[in-house]
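> Here's a structure for you.
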Amino acid sequence: MTSVDLSSNRFEGDIPNSIGSLSSLVLLNLSHNSFHGHIPAEIAKLQALKALDFSWNRLIGEIPGLLSCLTVFEVLNLSYNHLAGRSSIHFQMIHIVKILIYVDFHFQRNVETIMCQMSRHLNKMMMMIHFL
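Residue numbers (my numbering): 934 to 1065.
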């Protein structure tokens, strides 16, 4: 299986850690559901993953730093969740992804620094950020 699109299905609960066992997954779309809790670190085991969309859920916490280990990662959409975090993880991510969508995201960093760093690496970027 290379693609899983379970968007807009009214799923609830935590994203299961077993998601990391889908090693050949290239696309994972769990957007527009009611998943809550943290993004499982096991996502980093998906070494073939190119596109990840967890937008429009109720996820909390920080983005796992291990996501920066995904070497073929291209698209990341984490919009409209309750995520926050240190920008050091995000700076690691911007060297990997080509399209990054963070809307309603809470960073703890200077806005000019983030925008400058991201604009050097991304092909497309959509951001509406709240800084703490």
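Idealized CB from N, CA, C, for every residue including glycine.
Considering only C-alpha positions, which residue in the set Leu1000, Leu963, His965 is nearest to Leu979?
Residue Leu1000 is the option with its Cα nearest to Leu979.
> Taking the beta strand (DSSP E) that Asn962 belongs to, which residues open and close that run?
Residues 960 to 962.
> Buried or exposed: where does Ser1021 fall if 16 or more other Cβ atoms within 10 Å of its Cβ makes it buried?
Low confidence applies to Ser1021: its pLDDT is 48, below 50, so where it sits in the model is not reliable enough to give any reading.
> Counting only runs of 3+ residues fully inside the region 953 to 999, write out the beta strand (DSSP E) ranges in chain order.
Taking only runs of at least 3 residues, the beta strand (DSSP E) segments lying wholly in the region 953 to 999 are 960 to 962, 967 to 970, 984 to 986, 991 to 994.
> Please report the straight-line C-alpha distance between Met934 and Leu958, rounded to a whole angstrom.
Between Met934 and Leu958, the C-alpha separation is close to 6 Å.
> Below 9 Å between beta carbons: does that hold for Leu963 and Asp986?
Against a cut-off of 9 Å, the Cβ pair of Asp986 and Leu963 comes out as a contact.
> According to the neighbour-count rule (16 or more other Cβ atoms, all chains shown, within 10 Å of its Cβ), is Ile993 buried or exposed?
By the neighbour-count rule (16 or more Cβ atoms within 10 Å), Ile993 is not buried but exposed.
> Of the residues Leu961, Ser956, Arg991, which one's Cα is nearest the Cα of Ala1017?
Selected option, being the one with the closest Cα: Arg991.
> In the structure shown, what three-state DSSP assignment does Leu950 receive?
Here residue 950 is Asn; the residue named in the question, Leu, does not match the sequence. Residue state, collapsed to three classes: helix.
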